[in-house]
Amino acid sequence: MEFQFKQLNIAYVLFVSCPLITFGPDASTEEIAQATAAEQKWMNDDFVCRRSILNALSDDLFSLYSRKTTTAKELWEDLKLIHLYEQFGTKRSLVKKYIEFQMLEGRPVLEQIQEFNNIADSIVASGMVVEEKFHVSAIISKLPPSWKDVCIKLMSEEHLPFAMLMDRLRFEEDLRTREKQRVPTTGNLPVKPIPRMRDQKPRSMQWKRSDPEIDGRVICQFCGKKGHISQNCRYNKRKFAKDVNYESHEGNGSMPKEVNMFEGIVDG
């Protein structure tokens, strides 16, 4: 960006403050005009340079510095300090972030491990070394409290490369996810009454009623009483005669004959 300012002939405002105008009693009109023009030029160049710097900043820094009434030179110096702090403090801040990282309950473990791995990659990219065994132990120690049993098992293993650790954790998380999605046991479900066969049949089909259902609704056509039909009525003498005739001929094997036993009526 500084090279761009040099091409625009405005880079001088980053190193030179605004010229102060002081006129003596003997100052000529030409001297006053030149000093005023130099001051105005510096102010214009400072405005262009400052706006160019602000436009190149991130949203957070732009929001911070756009509210300040600073010159381009003051803004440039502040940004240089921030850059130097980040350059020399990056390694320590990454190590601090690596050490203080802790996985939380309620979030996927593999997703949090990926964030932790990104921090480790940044540390390696800055020039430091992170040993695999150390990183594996760090991951295990940062598992959520609900993974305490898994942590104990993994800590007891002597040979546990990073790839094997990730396979173990992936399997464990898949297992826990399936257990959460499993249908609850029947003991925890509300008891649903079993439908009767009659309720399950198609509406086009008719069911044969059982005797208890018939007894309370049927009226005998012979005697007019409820609870039985005419063929079972004890006052039906024709039916009674059939039963007697059948019993009298049951011993000799002959078929019973139908006899009309109505009172006052004899079949001719």
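full-length UniProt numbering numbers the first residue of the sequence shown as 1 and each following residue consecutively.
Beta carbons are placed, not taken as given, at the ideal position from N, Cα and C, and that holds for glycine.
Which whole-angstrom value is the C-beta distance of residue i and residue j, which I expect to be below 8 Å?
i, j, result
"valine 150", "leucine 143", "7 Å"
"lysine 73", "valine 124", "With 8 Å as the limit, lysine 73 and valine 124 do not qualify as a contact, their Cβ atoms being about 38 Å apart."
"glutamate 113", "leucine 169", "The amino acid occupying residue 113 in the given sequence is isoleucine; glutamate does not appear at that position. Contact holds; Cβ gap of about 7 Å."
"residue 280", "phenylalanine 162", "The structure shown does not extend to residue 280, since the chain spans only 1 to 268, so no value can be given for it."
"threonine 71", "arginine 50", "7 Å"
"tyrosine 65", "leucine 81", "Wrong, their Cβ atoms sit about 13 Å apart, outside the cutoff."
Can you tell me whether residue i is helix, strand or coil according to DSSP?
i, result
"isoleucine 219", "strand"
"leucine 8", "coil"
"proline 25", "coil"
"serine 17", "coil"
"lysine 148", "helix"
"arginine 51", "helix"
"leucine 143", "coil"
"leucine 81", "helix"
"methionine 128", "coil"
"methionine 1", "coil"
"arginine 234", "coil"
"lysine 68", "coil"
"methionine 103", "coil"
"serine 156", "coil"
"leucine 165", "helix"
"leucine 57", "coil"
"arginine 176", "helix"
"proline 212", "Summary for proline 212: the model assigns pLDDT 49, below 50, so the residue's position carries little reliability, and this model does not support an answer."
"arginine 92", "helix"
"arginine 182", "coil"
Thinking C-beta only, is residue j closer than 8 Å to residue i?
i, j, result
"isoleucine 139", "phenylalanine 116", "yes"
"serine 126", "threonine 177", "no"
"alanine 35", "isoleucine 21", "yes"
"leucine 165", "valine 129", "no"
"serine 146", "glutamate 105", "yes"
"serine 58", "leucine 94", "no"
"isoleucine 229", "cysteine 223", "no"
"proline 19", "alanine 37", "no"
"glutamate 173", "proline 108", "yes"
"methionine 103", "alanine 56", "no"
"isoleucine 10", "aspartate 45", "yes"
Please name the residue or residues paired with residue i in a DSSP beta bridge.
i, result
"lysine 226", "Ile219"
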